[in-house]
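Working notes for the structure below.
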Amino acid sequence: MVNVPVPGFPDLTRPARHAMRPALERLLSTAYGNVLELSSQPHAELLPADVESVTVVGQRVRPPAVAVDSISAAERLGPFDTVVSVLRTTTVDDIDRYAARLARLVADDGQVLFAEPTRTPGLVGQVQRLWRPATEVSARLRLHTGFRIALWRAGLSVTDVTRHELPRLAWPLTTVSIGVATPTPTGPDGSRARSMGPG
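Going by our numbering, the letters in the sequence shown line up with residues 729 to 927, in that order.
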């Protein structure tokens with residue numbers, strides 16, 4: 729289930745996206761082929777000019793990008809060579825279900841480019857976990873921290889990842905993992921084997 733933003737409520741992911749922009753530029757420069765963007769806000773302007781097509785879920789876009797109203801609609805158009813997920817998990821209730829859908833959307837030789845919240849170490853992380861339920865209600869954001877594990881459960885291997893600390897202005901988002909995940913090889917029955925673990 730995807731939560732519908734409350735009209736007039738401020739976009740609390742904006743400071744985080746601004747702070748991540750240089751890292752996102754580097755990440756999205758590796759996109760190729762047919763691209764699907766599932767981000768909380770579209771980043772089509774950061775994609776290489778030579779991608780074959782851009783499909784965006786649930787956002788207004790400018791041509792030649794194509795907008796679809798749901799992930800289900802995108803599934804009918806896939807699979808995609810590159811799937812982009814930037815702060816999308818802040819809008820979903822079931823992170824494992826979301827990761828499983830990513831695995832279905834990406835081509836066997838494709839990639840998932842992601843920048844999603846992760847665990848923050850130390851005292852800040854402890855405070856974040858303590859206040860998480862209240863923060864989710866007040867900020868209307870889901871603060872999942874197990875995205876990499878969810879990817880692994882879905883049969884996607886994280887091949888490159890960095891931890892990006894966010895400025896205080898981006899609270900309640902404090903740390904994001906920025907990286908690349910690829911499908912693990914499929915077995916004879918068509919199922920994807922899991923790697924040894926999410927790392």
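We put the beta carbon where it would ideally sit given N, CA and C, even for glycine.
Output the distance between the C-alpha atoms of residue i and residue j, rounded to the nearest integer angstrom.
i	j	result
H771	A747	14 Å
I823	P791	31 Å
S866	S905	Bear in mind that the predicted position of S866 carries a pLDDT of just 45, short of 50, making it too unreliable to give a figure here.
E893	A751	11 Å
A909	L879	8 Å
E844	R816	7 Å
N762	A831	15 Å
I877	A793	31 Å
V784	V814	12 Å
P913	A827	17 Å
R804	P743	33 Å
Secondary structure at residue i, three-state DSSP: helix, strand or coil?
i	result
E780	coil
P845	strand
P750	helix
A772	helix
T974	The requested residue 974 is not part of the displayed model; the chain covers only 729 to 927.
L766	coil
With DSSP as the reference, identify every bridge partner of residue i, one or two as the case may be.
i	result
P807	None; P807 has no bridge partner.
V789	The partner list for V789 (beta bridge, DSSP) is empty, contrary to what the question assumes.
A909	V840, V886
T903	E893
S813	F842
A795	V784
Compare the C-beta of residue i against all C-beta atoms of chain D and say whether one is closer than 9 Å.
i	result
D821	Among the chains of the structure shown, chain D does not appear; only one protein chain is present.
Please look up how many angstroms separate the CB atoms of residue i and residue j, rounded, as I've assumed it's under 8 Å.
i	j	result
Y760	D809	6 Å
A802	L764	6 Å
P807	V840	The Cβ separation is near 11 Å, so there is no contact.
Report all residues from its chain with a CB closer than 6 Å to the CB of residue i; omit the five preceding and five following residues, and keep chain order.
i	result
M729	Only weak support exists for where M729 lies, its pLDDT of 29 falling under 50; the value from the coordinates is given anyway. Only D821 meet the Cβ criterion.
R745	none
V889	S905, G907
Cutting at 7 Å between CB atoms, please list the residues of its own chain near residue i, excluding the five before and the five after it.
i	result
L774	L752, E753, L756
P735	Because the pLDDT of P735 is 33, which lies under 50, any placement of that residue in the model is unreliable, and the number read from its coordinates should be weighed accordingly. Hits under 7 Å: none found.
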